[in-house]
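S.K.:
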Amino acid sequence: MAKIRKNSHKVLYRKYSSNIKYIMMVLSVIIITVFLPKQPRFRYEFEKGTIWKNKDLVSPFSFAILKTSPQVIIDKQDALDNVLPIYKLNKDLFNAVEEAYLNEFDVKWRTNAFPENEKQGYRQASFKQLQDIYSKGIIAINVKHQKGNNPNYDFSLLSNNISKTVSTQDVFTVQTALAYFKNNFKSVNLKIKEVIENLVEDHLQPNIVFDEKLTAVVQNNTVSSLSTTRGMVQKGELIIAKDNVVDDEVYQKLLSFKEAYEAQTKTIGDSKLVYLGQILLVGFIVSLLMVFLKLFRKDIFADNRQLSLILLVITTMLLALTWAIKLNLPSIYYIPFCIVPIIIRILFDTRLALYLHLLVVLISGFFVANSFEFVFYQVTSGMVAIYSIRNLIKREQLLLSALFILSAYFVSFLGIALLREGSFSQIEWINFVPFIVSVLLSLLAYPLIYAFEKMFGITSDVALIELTNTNNKLLRELAFKAPGTFQHSLQVANLAEAAIFKIGGNSLLVRAGALYHDIGKIENPQYFIENQNTALSPHDKLPYEQSAQIIIKHVHKGIEITRRHQLPESVIDFIRTHHGNTRVDYFYQSFLKNSPEKFVDENIFRYPGPIPFSKETGVLMLADSVEAASRSLKNPDAQSINDLVERIIDYKLEQKQLDNCDITLKDLETIKLIFKTMLMSIYHVRIDYLQTL
Numbered sequence: 075m076a077k078i079r080k081n082s083h084k085v086l087y088r089k090y091s092s093n094i095k096y097i098m099m100v101l102s103v104i105i106i107t108v109f110l111p112k113q114p115r116f117r118y119e120f121e122k123g124t125i126w127k128n129k130d131l132v133s134p135f136s137f138a139i140l141k142t143s144p145q146v147i148i149d150k151q152d153a154l155d156n157v158l159p160i161y162k163l164n165k166d167l168f169n170a171v172e173e174a175y176l177n178e179f180d181v182k183w184r185t186n187a188f189p190e191n192e193k194q195g196y197r198q199a200s201f202k203q204l205q206d207i208y209s210k211g212i213i214a215i216n217v218k219h220q221k222g223n224n225p226n227y228d229f230s231l232l233s234n235n236i237s238k239t240v241s242t243q244d245v246f247t248v249q250t251a252l253a254y255f256k257n258n259f260k261s262v263n264l265k266i267k268e269v270i271e272n273l274v275e276d277h278l279q280p281n282i283v284f285d286e287k288l289t290a291v292v293q294n295n296t297v298s299s300l301s302t303t304r305g306m307v308q309k310g311e312l313i314i315a316k317d318n319v320v321d322d323e324v325y326q327k328l329l330s331f332k333e334a335y336e337a338q339t340k341t342i343g344d345s346k347l348v349y350l351g352q353i354l355l356v357g358f359i360v361s362l363l364m365v366f367l368k369l370f371r372k373d374i375f376a377d378n379r380q381l382s383l384i385l386l387v388i389t390t391m392l393l394a395l396t397w398a399i400k401l402n403l404p405s406i407y408y409i410p411f412c413i414v415p416i417i418i419r420i421l422f423d424t425r426l427a428l429y430l431h432l433l434v435v436l437i438s439g440f441f442v443a444n445s446f447e448f449v450f451y452q453v454t455s456g457m458v459a460i461y462s463i464r465n466l467i468k469r470e471q472l473l474l475s476a477l478f479i480l481s482a483y484f485v486s487f488l489g490i491a492l493l494r495e496g497s498f499s500q501i502e503w504i505n506f507v508p509f510i511v512s513v514l515l516s517l518l519a520y521p522l523i524y525a526f527e528k529m530f531g532i533t534s535d536v537a538l539i540e541l542t543n544t545n546n547k548l549l550r551e552l553a554f555k556a557p558g559t560f561q562h563s564l565q566v567a568n569l570a571e572a573a574i575f576k577i578g579g580n581s582l583l584v585r586a587g588a589l590y591h592d593i594g595k596i597e598n599p600q601y602f603i604e605n606q607n608t609a610l611s612p613h614d615k616l617p618y619e620q621s622a623q624i625i626i627k628h629v630h631k632g633i634e635i636t637r638r639h640q641l642p643e644s645v646i647d648f649i650r651t652h653h654g655n656t657r658v659d660y661f662y663q664s665f666l667k668n669s670p671e672k673f674v675d676e677n678i679f680r681y682p683g684p685i686p687f688s689k690e691t692g693v694l695m696l697a698d699s700v701e702a703a704s705r706s707l708k709n710p711d712a713q714s715i716n717d718l719v720e721r722i723i724d725y726k727l728e729q730k731q732l733d734n735c736d737i738t739l740k741d742l743e744t745i746k747l748i749f750k751t752m753l754m755s756i757y758h759v760r761i762d763y764l765q766t767l
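Numbering (my numbering), first residue to last: 75 to 767.
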């Protein structure tokens with residue numbers, strides 16, 4: 075679960091007037107309702123094959139019964155099949171062929187030195203047959219007009235704006251025209267016959283050509299003139315009686331009645347009253363959200379940034395629904411509704427994710443067809459989305475979640491289809507495609523989460539994982555400049571992470587906070603004992619007050635450094651609180667011992683605070699103190715480690731450092747046990763198990 079910046083310290087976070095949240099709420103309601111469709115909603119829900127549980131439905135007006143989509147498609151196809159392709163006869167083509175043929179005939183005759191006295195006879199005979207061929211017509215066969223294995227087909231031949239139906243059997247193709255010429259042209263001189271046949275073949279070309287544009291115009295006119303209705307339902311006629319089954323015929327009547335009703339209410343219904351109804355419904359839903367946040371998530375309710383993010387997600391999703399309705403998308407299920415619970419689950423928590431998803435789905439249900447079916451699909455898939463992403467720490471988790479969501483959609487789709495059709499063969503699997511697209515679009519949650527983190531200052535688990543990578547620039551600098559502090563931070567991270575995991579909390583956030591809690595020691599690492607390699611300490615030459623201030627200053631420096639590197643405030647909280655408002659006791663007691671006569675201002679030796687305000691920051695404080703103190707043990711054994719942990723934690727309680735944490739006494743006992751066990755492992759302490767039995 076992602077952690078948000080705490081609002082406990084107003085000096086650290088910019089807060090706006092409390093009225094802003096209500097203004098944002100009103101604006102979101104207005105934006106949503108302005109764009110929603112403004113027409114009365116059809117009052118009945120129905121499904122094919124179900125029992126009609128409403129009262130007898132009598133038609134209040136006459137309306138036409140619409141054909142089913144498959145029937146419209148069949149009618150269109152039948153109409154298109156009855157439209158013959160249109161071909162045009164090109165009469166001018168033969169004139170060009172005639173001149174070219176006769177000229178080339180003369181040239182061929184002279185070139186081959188055929189007898190001049192036979193020329194005219196062959197010339198006239200061959201030209202006469204060529205003329206007969208063009209008079210009958212030569213067609214360019216179009217294979218897409220052939221049906222089955224039959225190479226011949228009928229077509230409309232357009233000549234002089236007069237159309238007649240002709241078969242391809244009644245005209246020539248180039249091949250059949252040449253064969254016709256060869257069979258009918260006679261010559262005793264085979265050489266002359268061959269030359270003339272080749273010459274005729276060169277001058278055969280189609281003069282009956284397919285007119286694609288004109289055919290398309292005729293087809294479009296034919297389709298557009300088709301009727302989409304079949305019969306009428308008269309005013310006062312019974313459409314369906316109570317407890318009757320909604321069969322195919324009645325189902326089509328109900329669909330037709332619904333469409334006619336919605337068409338009439340666009341002009342008859344009062345759009346202002348419809349808008350008022352939308353405002354009441356959407357406003358009521360958003361008000362419930364605000365009440366939920368005020369009662370159960372006061373931290374979000376008090377932070378306008380987080381609240382604006384939640385309202386933005388709701389508004390955007392409902393605007394996407396409106397866009398889909400106005401564009402008349404083939405299916406409303408193309409919209410990735412599951413992206414809402416994914417984003418809210420990762421950035422906030424499970425309860426809020428489920429609550430928001432339910433609100434969005436409930437509002438959407440008023441504006442989609444088959445609202446119960448829609449709500450069932452979206453609620454079940456949204457729940458699966460939430461369950462499958464408990465925390466997003468690996469990219470493949472999002473892909474696995476998408477697979478689980480798709481599986482949930484498939485189970486719901488199959489169940490509803492079988493319930494409706496009662497047969498696998500009747501299921502229209504193409505209707506499942508929108509769900510696949512929706513799941514793929516839900517993967518956009520990953521970049522959106524990153525954008526929301528930057529825009530609204532929210533820290534997700536993905537960002538925390540990046541911060542805990544010890545190869546990042548800031549932690550590498552700490553390891554190089556202050557290696558002792560770096561090792562201390564790693565040990566604190568291990569202790570705190572194990573403890574918070576056991577008592578419940580965000581272990582990733584604790585680990586990130588532990589790794590950076592002493593980052594301020596980069597400035598003067600030699601002043602901290604874990605980084606000193608010699609017996610001499612730079613504090614030996616400084617007054618106790620100055621030494622204390624140098625030690626305390628690492629908190630301020632840590633905040634400054636991490637803000638400069640744009641670390642999230644949820645991590646900076648650990649730097650600010652890991653010493654609470656305790657004293658630097660070593661220098662304080664040394665001052666009192668060596669200067670008893672001087673007045674001491676205790677605030678000089680005290681950290682500025684604040685004290686920890688969450689489980690995570692409280693556990694880190696304890697882990698930091700215990701780990702640091704354990705380094706002073708000369709001969710660590712089970713008893714000394716046990717006494718150390720008890721003493722440190724009891725001291726923090728006495729100093730009231732854990733007053734603002736929601737850590738129970740039971741949690742403290744668990745934390746003590748984990749610290750003792752891990753420290754014994756670190757210092758290789760052998761436990762005499764026989765004595766413990």
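Here a beta-carbon is modelled for each residue, glycine too, at the ideal position from N, C-alpha and C.
Bear in mind that the values here come from a model prediction, so they are computed numbers and not experimental data.
1) Select from Thr296, His591, Asp228 and Asp206 the residue whose C-alpha is nearest the C-alpha of Tyr254.
2) List the endpoints of the continuous alpha helix (DSSP H) containing Thr247.
3) Report yes if the C-beta of Ala553 is less than 6 Å from at least one heavy atom of the ligand ZN; otherwise report no.
4) For the region 394–455, which segments carrying the alpha helix (DSSP H) assignment without a break, of at least 4 residues, lie completely within its bounds, in sequence order?
5) Start and end of the alpha helix (DSSP H) containing Leu232?
6) Please look up how many angstroms separate the CB atoms of Ile723 and Leu742, rounded, as I've assumed it's under 8 Å.
7) Please list, in chain order, all residues of the same chain as Ile646 whose beta carbon is under 7 Å from its beta carbon, the five residues on each side excluded.
8) Where DSSP assigns a beta bridge to Val584, which residues make up the other side?
9) Excluding the 5 residues preceding and the 5 following Tyr681 in the sequence, name in chain order all residues of the same chain whose CB lies nearer than 7 Å to its CB.
10) So what does Phe284 bridge to, in DSSP terms?
11) Leu769 bridges to which residues according to DSSP?
12) Please classify Val137: does DSSP put it in a helix, a strand, or coil?
13) For the region 666–713, list the alpha helix (DSSP H) runs that are entirely contained and at least 4 residues long, ordered along the chain.
14) List the endpoints of the continuous beta strand (DSSP E) containing Ile236.
15) If we call anything under 7 Å between Cβ atoms a contact, is Val157 one with Val292?
16) Using the three-state DSSP reduction, which class does Lys84 fall into: helix, strand or coil?
17) With DSSP as the reference, identify every bridge partner of Asn224, one or two as the case may be.
18) Indicate the three-state DSSP secondary structure (helix, strand or coil) for Leu552 in the structure shown.
19) Sort Val513, Gln352 and Pro508 by Cα distance to Tyr436 and report the nearest one.
20) Assuming Thr559 is part of the alpha helix (DSSP H), what are its boundary residues?
21) What do you get for Val319, buried or exposed, if any count of 16 or more other CB atoms within 10 angstroms of its CB means buried?
22) Excluding the five sequence neighbours on either side, which residues of its own chain have a C-beta within less than 6 Å of the C-beta of Ala567, listed in chain order?
23) Using a 10 Å radius around the Cβ and a threshold of 16 neighbouring Cβ atoms, would you call Ile745 buried or exposed?
24) At the level of alpha carbons, what is the spacing between Thr389 and Leu433?
25) Classify Arg650 as buried or exposed, calling it buried when 16 or more other Cβ atoms lie within 10 Å of its own Cβ.
26) Thinking C-alpha only, which one of Lys221, Asn186 and Tyr175 is nearest Ala199?
27) Mind reading off the beta-carbon distance from Lys327 to Val307? Whole number of angstroms is fine, and I expect it under 8 Å.
28) Could you tell me the alpha carbon to alpha carbon distance between Asn263 and Val245, rounded to whole angstroms?
29) Helix, strand or coil for Thr289? Go by DSSP, reduced to three states.
30) Less than 7 Å between C-beta atoms, sequence neighbours within five positions excluded: which residues of the same chain meet that for Ile463?
31) What is the rounded straight-line gap between the Cα of Val274 and the Cα of Lys162?
32) Residues in its own chain within less than 6 Å of Cys412 by CB, not counting five upstream and five downstream?
33) Alpha carbon to alpha carbon, how far is Ala376 from Pro684? Give it in angstroms, no decimals.
34) Quick one: what's got a C-beta closer than 6 Å to Leu518's C-beta in the same chain, skipping five residues either side?
35) By how many angstroms is the C-alpha of Met98 removed from the C-alpha of Ser534?
36) Identify which residue in Thr250, Val283, Asp166 and Ser330 has its Cα closest to the Cα of Ser143.
M.R.: According to the structure data:
1) Asp206
2) Where Thr247 is concerned, there is no enclosing alpha helix (DSSP H), given that its DSSP letter is neither H nor E.
3) Only the bare structure without any ligand can be found here, which leaves the ligand ZN out of the picture.
4) 413–421 and 424–439
5) Unbroken run through Leu232 is the beta strand (DSSP E), Asp228 to Ser233; no alpha helix (DSSP H).
6) That pair is a contact at about 6 Å.
7) Ile633, Thr636 and Arg637
8) For Val584, which the question treats as bridged, DSSP gives no partner whatsoever.
9) The residues are Ile626, Val629, His653, Gly654, Asn655 and Thr656.
10) Tyr161
11) With the chain represented from 75 up to 767, any question about residue 769 goes unanswered, as that position is not in the structure.
12) Residue identity differs from the one stated: residue 137 is Phe in this sequence, not Val. Phe137: strand per DSSP, three-state reduction.
13) 689–704
14) Ile236 to Ser241
15) Against a cut-off of 7 Å, the Cβ pair of Val292 and Val157 comes out as a contact.
16) In this prediction, Lys84 has a pLDDT of 40, which is less than 50 and means its spatial position is unreliable; nothing more can be read from the coordinates.
17) Lys221
18) helix
19) In the sequence as displayed, the identity of residue 436 is Leu instead of Tyr. Checked all of Val513, Gln352 and Pro508; the closest Cα to Leu436 is Gln352.
20) Pro557 to Ile577
21) exposed
22) Here the set comprises Arg585, Ala588 and Leu589.
23) It counts as buried.
24) 11 Å
25) buried
26) Tyr175
27) 6 Å
28) Rounded to the nearest angstrom, the two C-alpha atoms are 30 Å apart.
29) helix
30) The answer, listed in chain order, is Ile416, Arg419, Ile420, Gln471 and Ser475.
31) 23 Å
32) Same-chain partners within the cutoff: Ser455, Gly456, Ala459, Ile479 and Ser516.
33) 20 Å
34) none
35) 24 Å
36) The residue among Thr250, Val283, Asp166 and Ser330 with its C-alpha nearest the C-alpha of Ser143 is Ser330.
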